[in-house]
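A.B. asks: First, the structure itself, so that you have it in front of you.
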């Protein structure tokens with residue numbers, strides 16, 4: 611289980627997160643939606659300390675971190691319990707697809723190479739890239755790269771996978787293949803927090819949708835409910851603008 | 285006066301005797317310069333407190349002064365310092381015991397460190413910051429991230445500039461004649477004046493340097509092609 615309490619972050623005078631509290635249960639898929647600049651990506655990046663929160667607490671199963679005085683060791687512990695899938699994929703460009711997936715296992719988890727290779731092959735096959743093991747990222751399409759990114763995250767067997775707008779950089783015709791993979795692993799009961807603009811997808815895979823605006827959580831609930839009957843005016847506005855089909 | 289083509293060949297053979305000296309000076313200055321330059325670049329890019337200011341100052345001072353001046357200053361300065369120290373401590377030896385080529389090694393390494401640090405620094409800056417974030421998110425330490433992810437890519441991005449740098453140091457090594465080291469160029473001077481065939485001797489030296497440069501260009505090209513397997517030309 612993941613519990614965020616009072617997460618605050620500001621960049622200079624700009625208060626990006628104004629005390630966010632959020633709980634995610636094991637096996638839950640939480641989609642975070644909201645207008646750009648609402649702080650949703652920053653929140654995600656605070657969970658694994660790619661951004662250092664100014665204040666707040668993070669608890670992931672048995673690990674508790676007080677953000678304002680987190681030590682290097684605690685940050686590493688947090689990163690070992692999480693994995694991230696990036697908007698720009700961020701595959702290691704000097705390593706093949708398989709090496710990308712193996713890297714964390716061998717270097718961080720100290721897994722023997724053979725075992726890491728085995729897991730890497732299995733996961734790449736799972737995301738439909740069994741024939742691209744030795745391809746460098748520059749030879750892969752955006753959709754393929756992102757699927758390698760997902761395999762790399764899965765390999766670490768984290769408590770939670772953080773998806774940062776995983777399809778935003780993709781050509782429209784490649785979005786489907788990535789969403790299909792995410793949907794597939796969601797069904798396996800892996801805990802996920804997904805920042806996304808794909809409302810249809812959020813409705814489809816998320817067990818809960820969180821709507822953020824202005825650095826705060828405005829409203830959250832099961833997707834069917836939140837999309838069909840938003841309570842807050844801010845949510846209604848957002849849905850009207852982004853997805854007229856949901857408007858009431 | 286007319287050209288004596290056969291003497292060019294003759295001179296070439298004589299110049300080959302000095303080839304090891306030129307190669308040694310180049311190798312030592314490039315090697316030491318690369319290590320020191322990498323350290324300087326890392327200190328600057330990671331903004332190590334205090335040290336990064338010293339590193340920046342070092343680079344402006346060294347790049348702001350000619351290679352020949354480095355050699356002369358180190359030759360004169362080091363001799364003075366060593367003689368003063370050994371005299372005070374009564375060690376019973378003096379700077380004359382330092383081999384002349386040692387001054388070339390030291391001063392050209394100093395020169396190389398500043399230039400090389402800028403090459404490595406630009407390579408480090410060319411690596412996309414997403415690469416670091418991906419490594420961190422996997423739980424890699426800063427050292428693992430640098431060694432396995434950032435540095436290999438920075439180095440790959442630096443290859444064309446590094447090739448250029450090595451060629452520059454090879455040609456710069458000719459300045460060693462100032463401290464009476466007999467490198468290829470100094471040897472050409474000797475061959476020329478003892479035979480009164482200056483043009484032929486200098487031409488032979490030019491041919492020899494050009495040949496070595498072609499080899500370096502080839503080597504650099506081969507490394508670039510290997511890297512292009514994943515880079516597809518250009519970073520980020």
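Chains as they are written, first to last, in my numbering: chain A, 611 to 858; chain B, 285 to 520. Ideal placement from N, C-alpha and C gives every residue a C-beta, glycine not left out.
Flag this pair as touching only if the stretch 475-491 of chain B and the stretch 415-433 of chain B have three or more C-beta atom pairs under 8 Å; answer yes or no.
C.D. replies: No: fewer than three Cβ pairs fall under 8 Å.
A.B. asks: For residue 715 of chain A, which option in A:732, A:802, A:688 and A:727 has the closest C-alpha, if you only look at C-alpha atoms?
C.D. replies: Taking the first chain and counting its residues from 1, one reaches residue 715 of chain A at position 105. The option with the nearest alpha carbon to residue 715 of chain A is A:727.
A.B. asks: What is the DSSP secondary structure of residue 674 of chain A, counted as helix, strand or coil?
C.D. replies: Residue mapping note: residue 674 of chain A aligns to position 64 of the first chain, counting from 1. It is a strand residue.
A.B. asks: Give me the Cα-Cα distance between residue 409 of chain B and residue 317 of chain B, rounded to the nearest whole angstrom.
C.D. replies: Locating residue 409 of chain B in the second chain gives position 125, where the first residue counts as 1. Locating residue 317 of chain B in the second chain gives position 33, where the first residue counts as 1. Between residue 409 of chain B and residue 317 of chain B, the C-alpha separation is close to 19 Å.
A.B. asks: Taking Cβ-Cβ distances below 8 Å as the criterion, which residues of the stretch 405-438 of chain B are in contact with chain A?
C.D. replies: Those residues of the stretch 405-438 of chain B that come within reach of chain A (Cβ to Cβ, closer than 8 Å) are 412, 414, 415, 417, 418, 419, 420, 421, 422, 423, 424, 425, 428, 432, 433, 436 and 437.
A.B. asks: Pick from B:397, B:338 and B:474: whose alpha carbon is nearest that of residue 298 of chain B?
C.D. replies: By one-based count along the second chain, residue 298 of chain B stands at place 14. If we check each option's Cα against that of residue 298 of chain B, B:474 comes out closest.
A.B. asks: Could you say which of A:643, A:668, A:611 and A:621 lies nearest to residue 809 of chain A if we only look at CA atoms?
C.D. replies: On the first chain, position 199 is the one that residue 809 of chain A refers to. When only C-alpha atoms are compared, the closest one is A:643.
A.B. asks: Please name the residue in B:296, B:364, B:457 and B:294 whose C-alpha comes closest to that of residue 233 of chain B.
C.D. replies: Given that chain B is displayed from residue 285 to residue 520, the structure contains no residue 233 of chain B and the question cannot be resolved.
A.B. asks: Looking at chain A, which residues of the stretch 437-461 of chain B have a Cβ within less than 9 Å of any of its Cβ atoms?
C.D. replies: Within the stretch 437-461 of chain B, the qualifying residues are 437 and 440.
A.B. asks: Check each residue of the stretch 319-339 of chain B: if its Cβ is closer than 9 Å to any Cβ of chain A, include it; give the result in chain order.
C.D. replies: Per Cβ criterion, the list is empty.
A.B. asks: Using a 10 Å radius around the Cβ and a threshold of 16 neighbouring Cβ atoms, would you call residue 321 of chain B buried or exposed?
C.D. replies: Residue 321 of chain B sits at position 37 when you count from the first residue of the second chain. Classification of residue 321 of chain B: buried, given that the 10 Å Cβ count is 16 or more.
A.B. asks: What does residue 332 of chain B pair with, by DSSP beta-bridge criteria?
C.D. replies: What you label residue 332 of chain B is simply residue 48 of the second chain in a count that begins at 1. BP columns for residue 332 of chain B are empty, so no partner.
A.B. asks: The beta strand (DSSP E) that contains residue 478 of chain B, what's its start and end?
C.D. replies: If you number the second chain from 1, residue 478 of chain B lands on position 194. Here residue 478 of chain B belongs to no beta strand (DSSP E); instead the alpha helix (DSSP H) covers 468-479.
A.B. asks: Using a Cβ cut-off of 8 Å (strictly closer), state whether residue 698 of chain A contacts chain B.
C.D. replies: In the first chain, counting from the first residue as 1, residue 698 of chain A sits at position 88. Taking Cβ atoms only, chain B reaches closer than 8 Å to residue 698 of chain A, which makes this a yes.
A.B. asks: Output, in chain order, the set of chain B residues within a Cβ distance shorter than 7 Å of residue 717 of chain A.
C.D. replies: For the purposes of this step, residue 717 of chain A is identified with residue 107 of the first chain, where counting begins at 1. Residues of chain B passing the Cβ test: 424, 428 and 432.
A.B. asks: Pick out whichever of A:802, A:752 and A:682 has its Cα sitting closest to the Cα of residue 701 of chain A.
C.D. replies: Position 91 of the first chain, counted from the first residue, corresponds to residue 701 of chain A. Considering only alpha carbons, the answer is A:752.
A.B. asks: Which residues mark the beginning and the end of the alpha helix (DSSP H) in which residue 743 of chain A is found?
C.D. replies: Position 133 of the first chain, counted from the first residue, corresponds to residue 743 of chain A. Premise fails: residue 743 of chain A is in no alpha helix (DSSP H) and is neither H nor E.
A.B. asks: Give the list of continuous alpha helix (DSSP H) stretches no shorter than 4 residues that lie fully inside the stretch 717-768 of chain A.
C.D. replies: If we require 4 residues or more, the alpha helix (DSSP H) runs fully inside the stretch 717-768 of chain A come out as 723-736 and 752-765.
A.B. asks: Counting pairs of beta carbons, one from the stretch 760-774 of chain A and one from the stretch 646-660 of chain A, are three or more of them closer than 8 Å?
C.D. replies: As far as the Cβ criterion goes, the stretch 760-774 of chain A touches the stretch 646-660 of chain A, which means the pair count is three or higher.
A.B. asks: Terminal residues of the continuous alpha helix (DSSP H) containing residue 358 of chain B?
C.D. replies: Reading the second chain from its first residue, position 74 is the one you call residue 358 of chain B. Here the alpha helix (DSSP H) through residue 358 of chain B covers 351-373.
A.B. asks: Looking at chain B, is there any beta carbon in it that lies within less than 8 Å of the beta carbon of residue 814 of chain A?
C.D. replies: Counting from one through the first chain, the residue named residue 814 of chain A turns up at place 204. Residue 814 of chain A does not count as touching chain B.
A.B. asks: By the criterion of Cβ-Cβ separation under 7 Å, what are the contact partners of residue 514 of chain B in chain A?
C.D. replies: To locate residue 514 of chain B, count along the second chain from 1; it is residue 230. The contacting residues are 703, 704, 746 and 748.
A.B. asks: Go ahead and label residue 306 of chain B buried or exposed: buried means 16 or more other beta carbons lie within 10 angstroms of its beta carbon, across all protein chains shown.
C.D. replies: On the second chain, position 22 is the one that residue 306 of chain B refers to. Buried, by the Cβ-count rule.
A.B. asks: Does chain B have any CB closer than 8 Å to the CB of residue 690 of chain A?
C.D. replies: Along the first chain, one-based indexing puts residue 690 of chain A at 80. By this cut-off, residue 690 of chain A is an interface position.
A.B. asks: Can you name, in chain order, every residue of its own chain whose Cβ lies under 7 Å from the Cβ of residue 796 of chain A, other than the five neighbours on each side?
C.D. replies: The residue given as residue 796 of chain A occupies position 186 in the first chain. For residue 796 of chain A, where only same-chain residues beyond five positions count, the Cβ hits under 7 Å are 639, 802 and 815.
A.B. asks: Decide if the stretch 370-383 of chain B is in contact with the stretch 399-413 of chain B; the criterion is three or more beta carbon pairs, one per stretch, under 8 Å apart.
C.D. replies: Output reads no: the stretch 399-413 of chain B does not touch the stretch 370-383 of chain B.
A.B. asks: Counting only Cβ pairs nearer than 8 Å, list the residues of chain B close to residue 686 of chain A.
C.D. replies: On the first chain, position 76 is the one that residue 686 of chain A refers to. Residues of chain B passing the Cβ test: 423 and 425.
A.B. asks: What does residue 694 of chain A reach in chain D if we use C-beta pairs closer than 7 Å?
C.D. replies: No chain D appears in the structure shown, which is made up of the protein chains A and B.
A.B. asks: Name, please, each residue of chain B whose Cβ falls closer than 7 Å to the Cβ of residue 660 of chain A.
C.D. replies: By one-based count along the first chain, residue 660 of chain A stands at place 50. What residue 660 of chain A touches in chain B: 417, 420 and 421.
A.B. asks: Enumerate in chain order the residues of its own chain whose CB-to-CB distance from residue 858 of chain A is below 6 Å, with the five nearest sequence positions on each side excluded.
C.D. replies: To locate residue 858 of chain A, count along the first chain from 1; it is residue 248. With a pLDDT of 47 at residue 858 of chain A, under the threshold of 50, the modelled position of that residue is not reliable, and no figure is offered here.
A.B. asks: Classify residue 621 of chain A: buried if its beta carbon has 16 or more other beta carbons within 10 angstroms, exposed otherwise.
C.D. replies: Counting from 1 along the first chain, the entry for residue 621 of chain A is found at position 11. It counts as exposed.
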